[in-house]
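2 protein chains.
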Amino acid sequence: MALKARVLYDFSSENPGEISITENELVTLFTEEELEGWLEGENSRGEIGLFPASYVEIIKDHITSNTNNNGLSSPKSKAVTPTHTSYTADTQPQRGFGAGSGGSGGGSFHTSHGSDDDWDDDWDDSSPADAPQGFGTTPPLYPVTSSLPGRLQSTQQHQHHHAKSSGTVGRNLNRFSTFVKSGGEAFLLGEASAFVKDGDRICVVMGKHGPEWQEDPYPFTCTIDDPTKQTKFKGMKSYMSYGLTPTHTNIQVNRRYKHFDWLYARLVERFPVISVPHLPEKQATGRFEEDFISKRRKGLIWWMNHMTSHPVLAHCDVFQHFLTCGADEKAWKQGKRKAERDELVGANFFLTISPPSVVLDPQEVESKIEGFKTFTKAMDENSVAVNATINEFARKQASGFKKEYQKVGQSFKILAQAFEQDQQAYSAGLNKAIAYTGDAYEAIGEYFAEQPRQDLDPISDLLDIYRGHLANFPDIIHVQKGALTKVKDCPKQEGELHNRCNIISCATLAEIQHFHRTRVRDFRSQMQHHLQQQISFFQKITAKLEDALQRYDDDQ
Amino acid sequence: MALKARVLYDFSSENPGEISITENELVTLFTEEELEGWLEGENSRGEIGLFPASYVEIIKDHITSNTNNNGLSSPKSKAVTPTHTSYTADTQPQRGFGAGSGGSGGGSFHTSHGSDDDWDDDWDDSSPADAPQGFGTTPPLYPVTSSLPGRLQSTQQHQHHHAKSSGTVGRNLNRFSTFVKSGGEAFLLGEASAFVKDGDRICVVMGKHGPEWQEDPYPFTCTIDDPTKQTKFKGMKSYMSYGLTPTHTNIQVNRRYKHFDWLYARLVERFPVISVPHLPEKQATGRFEEDFISKRRKGLIWWMNHMTSHPVLAHCDVFQHFLTCGADEKAWKQGKRKAERDELVGANFFLTISPPSVVLDPQEVESKIEGFKTFTKAMDENSVAVNATINEFARKQASGFKKEYQKVGQSFKILAQAFEQDQQAYSAGLNKAIAYTGDAYEAIGEYFAEQPRQDLDPISDLLDIYRGHLANFPDIIHVQKGALTKVKDCPKQEGELHNRCNIISCATLAEIQHFHRTRVRDFRSQMQHHLQQQISFFQKITAKLEDALQRYDDDQ
Numbered sequence: 001m002a003l004k005a006r007v008l009y010d011f012s013s014e015n016p017g018e019i020s021i022t023e024n025e026l027v028t029l030f031t032e033e034e035l036e037g038w039l040e041g042e043n044s045r046g047e048i049g050l051f052p053a054s055y056v057e058i059i060k061d062h063i064t065s066n067t068n069n070n071g072l073s074s075p076k077s078k079a080v081t082p083t084h085t086s087y088t089a090d091t092q093p094q095r096g097f098g099a100g101s102g103g104s105g106g107g108s109f110h111t112s113h114g115s116d117d118d119w120d121d122d123w124d125d126s127s128p129a130d131a132p133q134g135f136g137t138t139p140p141l142y143p144v145t146s147s148l149p150g151r152l153q154s155t156q157q158h159q160h161h162h163a164k165s166s167g168t169v170g171r172n173l174n175r176f177s178t179f180v181k182s183g184g185e186a187f188l189l190g191e192a193s194a195f196v197k198d199g200d201r202i203c204v205v206m207g208k209h210g211p212e213w214q215e216d217p218y219p220f221t222c223t224i225d226d227p228t229k230q231t232k233f234k235g236m237k238s239y240m241s242y243g244l245t246p247t248h249t250n251i252q253v254n255r256r257y258k259h260f261d262w263l264y265a266r267l268v269e270r271f272p273v274i275s276v277p278h279l280p281e282k283q284a285t286g287r288f289e290e291d292f293i294s295k296r297r298k299g300l301i302w303w304m305n306h307m308t309s310h311p312v313l314a315h316c317d318v319f320q321h322f323l324t325c326g327a328d329e330k331a332w333k334q335g336k337r338k339a340e341r342d343e344l345v346g347a348n349f350f351l352t353i354s355p356p357s358v359v360l361d362p363q364e365v366e367s368k369i370e371g372f373k374t375f376t377k378a379m380d381e382n383s384v385a386v387n388a389t390i391n392e393f394a395r396k397q398a399s400g401f402k403k404e405y406q407k408v409g410q411s412f413k414i415l416a417q418a419f420e421q422d423q424q425a426y427s428a429g430l431n432k433a434i435a436y437t438g439d440a441y442e443a444i445g446e447y448f449a450e451q452p453r454q455d456l457d458p459i460s461d462l463l464d465i466y467r468g469h470l471a472n473f474p475d476i477i478h479v480q481k482g483a484l485t486k487v488k489d490c491p492k493q494e495g496e497l498h499n500r501c502n503i504i505s506c507a508t509l510a511e512i513q514h515f516h517r518t519r520v521r522d523f524r525s526q527m528q529h530h531l532q533q534q535i536s537f538f539q540k541i542t543a544k545l546e547d548a549l550q551r552y553d554d555d556q
Numbered sequence: 001m002a003l004k005a006r007v008l009y010d011f012s013s014e015n016p017g018e019i020s021i022t023e024n025e026l027v028t029l030f031t032e033e034e035l036e037g038w039l040e041g042e043n044s045r046g047e048i049g050l051f052p053a054s055y056v057e058i059i060k061d062h063i064t065s066n067t068n069n070n071g072l073s074s075p076k077s078k079a080v081t082p083t084h085t086s087y088t089a090d091t092q093p094q095r096g097f098g099a100g101s102g103g104s105g106g107g108s109f110h111t112s113h114g115s116d117d118d119w120d121d122d123w124d125d126s127s128p129a130d131a132p133q134g135f136g137t138t139p140p141l142y143p144v145t146s147s148l149p150g151r152l153q154s155t156q157q158h159q160h161h162h163a164k165s166s167g168t169v170g171r172n173l174n175r176f177s178t179f180v181k182s183g184g185e186a187f188l189l190g191e192a193s194a195f196v197k198d199g200d201r202i203c204v205v206m207g208k209h210g211p212e213w214q215e216d217p218y219p220f221t222c223t224i225d226d227p228t229k230q231t232k233f234k235g236m237k238s239y240m241s242y243g244l245t246p247t248h249t250n251i252q253v254n255r256r257y258k259h260f261d262w263l264y265a266r267l268v269e270r271f272p273v274i275s276v277p278h279l280p281e282k283q284a285t286g287r288f289e290e291d292f293i294s295k296r297r298k299g300l301i302w303w304m305n306h307m308t309s310h311p312v313l314a315h316c317d318v319f320q321h322f323l324t325c326g327a328d329e330k331a332w333k334q335g336k337r338k339a340e341r342d343e344l345v346g347a348n349f350f351l352t353i354s355p356p357s358v359v360l361d362p363q364e365v366e367s368k369i370e371g372f373k374t375f376t377k378a379m380d381e382n383s384v385a386v387n388a389t390i391n392e393f394a395r396k397q398a399s400g401f402k403k404e405y406q407k408v409g410q411s412f413k414i415l416a417q418a419f420e421q422d423q424q425a426y427s428a429g430l431n432k433a434i435a436y437t438g439d440a441y442e443a444i445g446e447y448f449a450e451q452p453r454q455d456l457d458p459i460s461d462l463l464d465i466y467r468g469h470l471a472n473f474p475d476i477i478h479v480q481k482g483a484l485t486k487v488k489d490c491p492k493q494e495g496e497l498h499n500r501c502n503i504i505s506c507a508t509l510a511e512i513q514h515f516h517r518t519r520v521r522d523f524r525s526q527m528q529h530h531l532q533q534q535i536s537f538f539q540k541i542t543a544k545l546e547d548a549l550q551r552y553d554d555d556q
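Protein chains in written order, with full-length UniProt numbering: chain A, 1 to 556; chain B, 1 to 556.
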């Protein structure tokens with residue numbers, strides 16, 4: 001008897017190999033075993049393919065036998081690639097990136113495409129063939145499924161077992177593994193092939209702390225001006241435009257959020273083992289609201305800083321086009337088309353990497369990767385806890401702290417009022433001083449309420465940004481682990497296979513090292529900023545109190 | 001039919017004219033009208049006299065006629081003296097002083113005597129005839145009833161009417177009015193008589209702001225050392241002893257609390273229109289507990305400062321004896337006996353006063369006194385409100401504020417812990433700095449919890465002290481008003497009566513002015529202290545944060 005499952009939520013197939021399922025529909029499973037959160041089976045319309053395991057509920061009573069209908073469902077005949085841990089505790093089915101992006105961060109093609117109606121309704125006037133809409137019909141190269149099903153830990157347990165049982169270096173039968181989709185597998189198997197110009201070459205060098213991206217010989221930064229509101233169609237449509245001025249050209253270009261979004265999609269596609277940070281979240285409603293715009297701008301500034309300080313991302317063609325192409329529509333479209341037709345994406349990206357001369361010890365690589373996994377898990381979890389605490393602290397300062405200081409201020413004023421009942425001239429100075437002290441306390445209450453915006457919110461924002469950043473790494477690790485596992489399982493120790501695996505490892509470790517360096521830089525600077533702000537804050541309070549204290553002297 | 005009342009609480013007669021009544025007993029009332037909170041009637045044992053109106057409940061059904069049994073109960077034949085407003089909202093029957101003394105402050109003879117078993121079980125070895133126990137049998141001269149019944153406002157309403165109906169300058173028939181008990185009436189009627197030495201003469205001079213006590217030509221202060229625990233009877237009994245060192249002798253004397261208490265009783269008896277501040281409260285249990293001792297010591301220090309800065313109190317014989325008599329038992333007893341036999345108490349006190357040459361305008365005096373009444377009411381009420389607020393603020397700092405800063409501190413440490421998962425050497429400095437910042441926040445939490453002791457508690461204590469101080473003034477005002485009313489009601493404008501009334505007014509206004517001057521001094525200095533402490537507090541926080549900030553530099 002076939003294994004059945006009831007569909008809990010509607011799921012629309014968006015990629016080849018997936019099938020659409022509808023709530024309450026009964027589907028037949030080929031196996032109970034999940035492949036990285038996906039199950040394979042047949043829907044009521046007779047279509048065969050994959051759907052997210054968390055979208056269905058297996059009907060246990062029906063399990064009597066487990067008929068293997070095809071190779072994919074047989075534990076013995078398939079190789080499951082190593083997988084990763086999802087950092088989001090959220091097991092609700094959702095697309096796009098997990099933490100930080102809030103489900104609307106843009107990033108995968110899917111998101112970029114799906115939200116066009118909200119944001120990008122006035123994408124440029126080129127024909128549909130040029131536009132990113134076209135991507136919906138081709139399989140995405142990068143992590144569409146990264147945070148989709150939240151059950152990866154259980155699959156990880158039997159993954160090891162299955163990997164061992166795969167005796168040949170063959171294709172990975174899970175066509176939706178990140179390892180496969182990123183092009184990692186194809187590269188490892190020697191199937192990547194493209195012409196790499198010298199300008200595209202990316203060097204990984206051996207630094208003091210392991211492999212790292214070669215230092216940027218032409219570092220630059222880029223400022224982002226306050227966005228301005230622009231209108232078109234005689235005011236019917238409006239959008240925000242950001243003025244960007246890179247230091248290496250010092251010429252301002254104007255870019256809209258959708259341009260950032262387009263750039264992001266290009267970068268994700270282009271760099272499988274580089275963490276391209278999420279863009280600050282979109283917000284369809286109230287997008288001109290001041291707070292939101294300011295927050296997004298801060299997010300964009302961080303994003304831009306991250307981009308310009310990343311030796312690889314900073315100098316890639318598509319980013320340079322984005323930063324330097326002026327108002328010339330034709331030039332813009334040309335660069336845009338070129339980027340969209342870039343061959344060095346996915347598997348071919350790895351062709352651009354020049355590793356250091358020393359080959360890495362695979363065991364050491366594995367241990368470093370494991371250490372980083374532990375780190376990211378701890379950082380993600382603790383960031384959530386820290387953020388909850390500091391947000392609560394900010395709330396308390398705006399409510400309780402402010403209220404307490406204001407109540408004390410008011411009570412001093414009440415005391416001064418009572419004292420004013422005494423008409424003696426020598427009393428007047430004291431009464432004024434006490435009332436002034438009351439005002440000072442009320443002002444201090446306001447200071448407390450306003451302070452978190454200066455020194456707690458930025459930490460909270462940075463933690464959010466980093467949680468989004470962290471969410472990129474499971475896929476990066478996945479690619480590296482996939483390569484390592486494949487090489488381990490290879491009976492003949494082919495030199496080329498090792499070399500290609502080493503390239504993937506070098507790139508991954510370089511990116512991890514870059515992550516740590518920017519993390520240390522960002523958190524140091526944010527903590528310094530926080531403490532400086534707190535110091536100014538308490539100094540401002542002290543000055544206010546000193547001012548009040550002086551009123552008692554005037555009165556002697 | 002006689003008017004009846006049911007007794008709600010036991011009341012023991014302690015002064016002549018009072019009768020004891022027992023809960024649930026039925027008493028016969030001679031009139032429903034209260035005399036400053038007292039009712040006159042007959043108890044079930046046939047004793048006739050006064051008891052507190054708030055201790056009984058009149059049985060309304062029984063009121064049919066109102067038989068006047070004696071002169072006291074007839075509204076037409078008696079003169080009720082002007083009365084005062086009680087500042088305590090508390091209408092529970094209790095003895096002793098109201099606000100500030102907490103019912104055990106010592107002050108009246110009653111309290112001093114009644115609590116001997118708790119505190120003064122080892123009063124000196126003199127015979128019972130010498131000891132204050134004897135005072136229970138003589139009528140108290142001063143405000144035993146000051147805060148006893150809480151219903152004075154209603155009596156005040158008909159007081160005016162009755163005062164008008166008294167057509168002759170006769171004796172006040174309410175033998176328990178403060179005006180009568182203080183000796184004010186006797187003095188006004190020219191019945192006071194005693195020999196006044198030059199040294200006992202008290203001058204009221206006309207200052208810029210009205211009558212004031214002549215400035216002290218020999219000002220001094222007196223320090224109070226930390227109390228030490230003494231034992232007697234081979235350690236069976238223990239008590240605390242305070243070392244006092246007045247600046248004008250610079251010789252330390254040792255005094256126990258009971259000595260202060262005895263002194264207080266003498267002063268109250270001696271100075272009818274001077275506010276002798278209450279002693280800090282006694283506490284029978286846990287009296288060696290550190291906090292209590294420290295708080296009482298602070299209270300004693302304030303009390304001593306008030307005493308030494310009061311031109312009249314500072315130089316009176318009994319206080320000087322208290323401050324300067326050494327360990328010589330005989331000399332102590334001699335001075336003690338002399339003070340207890342002082343003739344210049346009550347009515348005779350007024351004989352010691354030399355008024356300024358200009359006679360005061362009675363209307364102006366009345367308006368000043370009314371203004372002061374308004375002031376005291378406002379100050380008392382607002383002190384309660386202020387105290388509630390700052391005590392709540394202190395509580396919040398010790399709980400909520402501390403907790404919030406500590407939670408933030410802990411969350412920074414959690415962040416540092418996550419970062420420690422990264423073993424890169426360049427990360428270590430930042431991790432340490434963040435953990436250090438966490439410690440700094442925890443320390444700041446402690447600072448917040450400890451701070452109220454430095455700058456809020458002292459204000460709260462001062463407000464309490466002043467509430468007790470304020471509670472003395474209704475009686476002082478009462479004496480002055482009694483005199484003024486009596487003079488107004490006098491058909492023949494006797495010059496001597498006016499002069500004696502002027503003396504009472506001068507002394508009252510001088511004392512009021514002294515109150516304001518010390519109040520302004522005390523509150524200015526306390527507010528300055530508060531602000532200085534707050535400034536130090538925020539500077540301490542700033543320093544802590546600056547210290548933490550520096551850790552990030554070390555690490556560059």
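Every residue, glycine too, gets a C-beta built ideally from N, C-alpha and C.
query = Quick check: the region 455 to 473 of chain A against the region 488 to 505 of chain A, are there 3 or more CB pairs under 8 Å?
reply = No, because fewer than three Cβ pairs between the region 455 to 473 of chain A and the region 488 to 505 of chain A fall closer than 8 Å, the two stretches do not touch.
query = Would the beta-carbon of E40 of chain B fall within 8 Å of that of L50 of chain B?
reply = In the second sequence, residue 40 of chain B corresponds to position 40, counting from 1. In the second sequence, residue 50 of chain B corresponds to position 50, counting from 1. Closer than 8 Å, so yes.
ask   = Based on Cα-Cα distance, which residue from A:I434, A:V386, A:V312, A:A449 lies nearest to T508 of chain A?
value = In the first sequence, counting from the first residue as 1, residue 508 of chain A sits at position 508. The shortest CA-to-CA distance from T508 of chain A to any of A:I434, A:V386, A:V312, A:A449 is the one to A:V312.
ask   = Nearest CA to the CA of K413 of chain B: which residue from A:M379, A:G335, A:A418?
value = In the second sequence, residue 413 of chain B corresponds to position 413, counting from 1. Comparing Cα-Cα distances from K413 of chain B to each of A:M379, A:G335, A:A418, the minimum goes to A:M379.
Any chain A beta carbon closer than 8 Å to D439 of chain B = Here residue 439 of chain B refers to the residue found at position 439 of the second sequence. Chain A contact via Cβ: absent.
task = Find the nearest neighbour of K229 of chain A within the set A:M240, A:F220, A:R524, A:F292, judged by alpha-carbon distance.
result = One-based indexing of the first sequence puts residue 229 of chain A at position 229. Looking at the Cα atoms, A:M240 is the closest of the given residues.
task = Quick one: measure Cβ to Cβ for I202 of chain A and S354 of chain A, integer angstroms, because I've assumed they're closer than 8 Å.
result = Sequence index remark: in the first sequence, residue 202 of chain A carries index 202 (1-based). Sequence index remark: in the first sequence, residue 354 of chain A carries index 354 (1-based). About 7 Å separates the beta carbon of I202 of chain A from that of S354 of chain A, a gap short enough to meet the 8 Å contact definition.
task = Please determine, among B:Y436, B:L456, B:A471, the residue with the shortest C-alpha to C-alpha distance to I375 of chain B.
result = The residue labelled residue 375 of chain B in the question sits at position 375 within the second sequence. It should be noted that the sequence gives Phe, not Ile, for residue 375 of chain B. Residue B:A471 is the option with its Cα nearest to F375 of chain B.
inquiry  = Please tell me whether I535 of chain B has its Cβ less than 8 Å away from any Cβ of chain A.
reply    = Position 535 of the second sequence, counted from the first residue, corresponds to residue 535 of chain B. Yes, contact with chain A.
inquiry  = Quick check on the DSSP output: the alpha helix (DSSP H) that includes residue 558 of chain B runs from which residue to which?
reply    = Here chain B has residues from 1 to 556 only, and residue 558 of chain B is not among them.
request  = May I ask which residues mark the beginning and end of the alpha helix (DSSP H) holding Y264 of chain A?
outcome  = For the purposes of this step, residue 264 of chain A is identified with residue 264 of the first sequence, where counting begins at 1. Here the alpha helix (DSSP H) through Y264 of chain A covers 257 to 270.
task = Please check if any C-beta of chain A sits within less than 8 Å of the C-beta of Q334 of chain B.
result = The residue given as residue 334 of chain B occupies position 334 in the second sequence. No, Q334 of chain B does not count as interfacial toward chain A.
inquiry  = Does R551 of chain B come out as helix, strand or coil in the three-state DSSP assignment?
reply    = As a working note, residue 551 of chain B is residue 551 in the second sequence. In the structure shown, R551 of chain B sits in a helix (DSSP, three-state: H, G or I).
key: Residue(s) in a DSSP beta bridge with E40 of chain A   = Position 40 of the first sequence, counting from 1, holds the residue named residue 40 of chain A. Paired residues: A:L50.
task = Decide if the region 328 to 342 of chain A is in contact with the region 541 to 552 of chain A; the criterion is three or more beta carbon pairs, one per stretch, under 8 Å apart.
result = no
ask   = Looking at chain B, which residues of the region 359 to 379 of chain A have a Cβ within less than 7 Å of any of its Cβ atoms?
value = G371, T374, F375, A378, M379
ask   = Taking one C-beta from the region 240 to 249 of chain A and one from the region 323 to 335 of chain A each time, how about it: are there three or more such pairs within less than 8 Å?
value = As far as the Cβ criterion goes, the region 240 to 249 of chain A touches the region 323 to 335 of chain A, which means the pair count is three or higher.
request  = Keeping to the same chain, check which residues put their C-beta closer than 8 Å to that of K295 of chain B; ignore five residues upstream and five downstream.
outcome  = Indexing the second sequence from 1 puts residue 295 of chain B at position 295. P280, D461, listed in sequence order.
ask   = By DSSP, does N387 of chain B sit in helix, in strand, or in coil?
value = Taking the first residue of the second sequence as position 1, residue 387 of chain B is located at position 387. Note: N387 of chain B maps to helix in three-state DSSP.
key: Contacting residues, own chain, Cβ-Cβ under 7 Å from G218 of chain B (five flanking each side not counted)   = Here residue 218 of chain B is taken as the residue at index 218 of the second sequence, counted from 1. According to the sequence displayed, residue 218 of chain B carries Tyr and not Gly. So the list reads H248, once near-sequence residues are dropped.
task = Quick one: give me the first and last residue of the beta strand (DSSP E) that V27 of chain B is part of.
result = Position 27 of the second sequence, counting from 1, holds the residue named residue 27 of chain B. Note, V27 of chain B: beta strand (DSSP E), 26 to 29.
inquiry  = Once the 5 residues before and after S211 of chain B are set aside, which same chain residues still bring their CB inside 6 Å of it?
reply    = Working through the second sequence from its first residue, we reach residue 211 of chain B at position 211. For the sequence presented, residue 211 of chain B should be read as Pro rather than Ser. Residues V204, C506, L509, A510 of the same chain have their beta carbon placed closer than 6 Å to that of P211 of chain B, with the five preceding and five following residues left out of the count.
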